[in-house]
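To keep things clear, I will list the structure first and then write my remarks on it.
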Amino acid sequence: MDSLSSARGDPNAGIRRFSLVLRGVSTLLIVAVPLGVIWTWANFDSLSAVLPSTAGVVFDAENITLPILVGGGLLNMLPGAIAMYGFWRLRQLFGLFLEDRYFDREAIQHVRRFAATALAYGFVAPLSRTLIALVVSLSNPPGERVLLLTISSDDLVIIFLSAVFFLIARVWDKAREIDDENAQII
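The sequence shown begins at -19 in my numbering and counts up one residue at a time.
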């Protein structure tokens, strides 16, 4: 219990305030992800100088065609769409917290779905990067095209955290079951 909550007599006020902030951030991220992807691929020419160092693919920016840009953008949106769904699940969860519904079955379900989404993201992001590198390198002459598989520590962290969230959801559900059993005894 934080000092502001106890001073006002509402032990859950701090949780609701933080949930409101996180719900807003989740909403912002749902909007920012597709806008960021669109902006990146729409500004491909101006970003092309830094992309080889970040994507690991050498390419001639002048030979990148509209179909390659659209393909790259769509492939980039695969993990983006998964992330957006995960942020939407978190937004729903924080909405329940605003209603003081902490151990609700629905809240636990949102955590499970977020964990599944994070797990999917952890596997799809490297695949997406691989396909993007291949598509972008299609502008290169034969023999200079690239098939690149990158698995970063970020991918591993996301996969590990998804497992942690699955476990938290299971423990949370078990606590809810025990609480339900105790309520029936009284």
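The beta-carbon is built from N, C-alpha and C at its ideal position, and this holds for glycine as well.
Everything numeric in this text was worked out from a predicted model, so none of it was measured.
The three-state reading of DSSP puts E124 in coil, since its state is none of H, G, I, E or B. Between S119 and I44 the beta-carbon gap is near 5 Å, inside 8 Å, which marks them as a contact. For G60, the enclosing alpha helix (DSSP H) covers residues L46 to L78. For T110, the uninterrupted alpha helix (DSSP H) run begins and ends at R85 to S117, by DSSP.
Three or more pairs of CB atoms, one per stretch, sit closer than 8 Å, so the segment 131 to 147 contacts the segment 95 to 110. Assignment of D134 by DSSP, reduced to helix, strand and coil, places it in the helix class. Rounded to the nearest whole angstrom, the CA to CA distance from Y65 to T110 is 22 Å.
In chain order, S108, L111 and I112 place their CB closer than 6 Å to the CB of L55, counting only its own chain and leaving out the 5 sequence neighbours on each side.
When C-beta atoms of the segment -13 to 1 are compared with those of the segment 47 to 61, fewer than three pairs fall below 8 Å, so the two segments do not count as touching. Between R(-3) and the set D80, W21 and A95, the nearest pair of CA atoms involves D80. R85 is not a Cβ neighbour of T7, given a cutoff of 8 Å. Of the candidates D25, Y82, E161 and I62, the residue whose Cα lies closest to the Cα of N(-8) is Y82.
Take the alpha-carbon of L129 and the one of P59: they are about 15 Å apart.
In the displayed model, G(-11) falls within coil according to three-state DSSP, outside both helix and strand. The beta-carbon distance between W152 and V91, rounded to whole angstroms, is 7 Å. This is short enough to meet the 8 Å contact definition. With respect to the 8 Å criterion, L73 and A87 are classified as neighbours on the basis of their beta carbons.
Straight through space, the alpha carbons of D159 and I18 are spaced by roughly 47 Å. For A149, same chain residues with a beta-carbon under 7 Å away, outside a window of 5 residues either side, are I88, V91, R92 and A95 in chain order.
In terms of Cα proximity to I138, the closest of G51, G16, V104 and V5 is V104.
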